[in-house]
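Residue numbering for the sequence shown is 0 to 278, as defined by numbering that gives the first Met the number 0.
Quick notes on the structure that follows.
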Amino acid sequence: MTSTARSSQLALRIVKALVVLVFLGPILLALVSAFRPNGEIFKYSGTLNLHTFLPIPGTLGNFSAAAHEPQFIRQVLNTLLLALVQSSLTVVLALLAAFPLARMTFRGRGVIFYLLIATMFIPFEALAVPLFLIVKELGQLNSFWGLLLPWVAGPVAVFILRQAMADIPRSLDEAVMVDGGGVPRILRHAIIPNVWPAMVTVWLTTFIYVWDSFLWPLIIMSDPRRQLAQVGIVNLINPNEIDYGTLFAMSLLAAGPVVLIFLLLQRFYQQGVTATGLK
0 MTSTARSSQL ALRIVKALVV LVFLGPILLA LVSAFRPNGE IFKYSGTLNL HTFLPIPGTL
60 GNFSAAAHEP QFIRQVLNTL LLALVQSSLT VVLALLAAFP LARMTFRGRG VIFYLLIATM
120 FIPFEALAVP LFLIVKELGQ LNSFWGLLLP WVAGPVAVFI LRQAMADIPR SLDEAVMVDG
180 GGVPRILRHA IIPNVWPAMV TVWLTTFIYV WDSFLWPLII MSDPRRQLAQ VGIVNLINPN
240 EIDYGTLFAM SLLAAGPVVL IFLLLQRFYQ QGVTATGLK
């Protein structure tokens, strides 16, 4: 290996290390700060030594305070319930919507598909007021259904499953039809076994999206007992005296379930992304 090649590899590794540091640095600092007393959190912010990255001495008091916050655990459970229900419903509805777009021939199919793609480029800010008025007219402000219904049928989910279904040989559909099967049997025996990695991708993507949602629950939900964790953590901030240690602990506890689920399903998620060409 020439000196130029070695220099290029070294430079590339340095760039990669800097990129990793930029992305993981804040997470590492939040993790360390969650185990520090409030008086110690900013003590080592201007230094670079062992104490900067290790909580010495450490404490679990911040996590105890977070667990004893009256609404926090309830809000985490609210978020978990909404994410589970919405991601599961989204997979089912997207599967039913993607099937005719990928496997059936009818007039206007292409127009419908491209209109579906076009809706992906509409920002949430343009939809927030109309959606709020619709939810208000339906009497679903401060309700679980008000959070769920506007986003349960996402165009991205339909697009991912449609792309996955389009690659399945038509001969599988014909084989099921020869045996006397209809659309339900085609879905069960020919489609779902071949697109389940894409279904996992849709489920996991929707779960993470719901878990990270902030603006929509902030708009329609004012009851703290029904609020989601992300908004609840912000509402607990006291501008006169910010308890940074407890806030860091709450943030880690709120992020725990989604990180765990992603680690369990990441292999299937990667398969789904590869199969559908999603970037």
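The beta carbon of each residue, even a glycine, is placed where N, CA and C say it ideally should be.
Cα separation between residue i and residue j?
i	j	result
Ile26	Gly145	32 Å
Ile167	Ala174	13 Å
Arg161	Phe120	18 Å
Gln286	Phe143	Outside the displayed span of the chain (0 to 278) sits residue 286, for which this structure offers no information.
Ile232	Phe71	7 Å
Phe247	Val258	16 Å
Lys278	Arg73	Legend: pLDDT at Lys278 = 45, less than 50; position of this residue unreliable, no value from coordinates given.
Asp211	Phe52	27 Å
Leu186	Leu252	39 Å
Terminal residues of the continuous alpha helix (DSSP H) containing residue i?
i	result
Arg169	Arg169 to Val177
Phe112	Arg108 to Thr118
Leu235	That residue, Leu235, is in no alpha helix (DSSP H); it is neither H nor E in DSSP.
Leu217	Leu214 to Ile219
Asn37	Asn37 to Ile40
Pro129	Phe123 to Glu136
Check residue i in the structure and name its three-state DSSP category.
i	result
Asp166	coil
Pro183	helix
Leu227	coil
Val151	coil
Thr200	helix
Gly57	coil
Glu68	coil
Lys278	Only weak support exists for where Lys278 lies, its pLDDT of 45 falling under 50; the value from the coordinates is given anyway. Here Lys278 sits in coil by DSSP.
Pro256	helix
Ala16	helix
Asp211	helix
Below 8 Å on the Cβ atoms is my guess for residue i versus residue j; work out the distance and round it to an integer in Å.
i	j	result
Val90	Val201	5 Å
Stretch pair the stretch 50–67 + the stretch 234–253: three plus CB contacts closer than 8 Å: At 8 Å Cβ cutoff, the stretches touch.
Stretch pair the stretch 109–123 + the stretch 148–155: three plus CB contacts closer than 8 Å: Output reads yes: the stretch 148–155 touches the stretch 109–123.
At least 3 beta-carbon pairs within less than 8 Å: the stretch 199–214 vs the stretch 78–86: With the cut-off at 8 Å, the stretch 199–214 and the stretch 78–86 touch.
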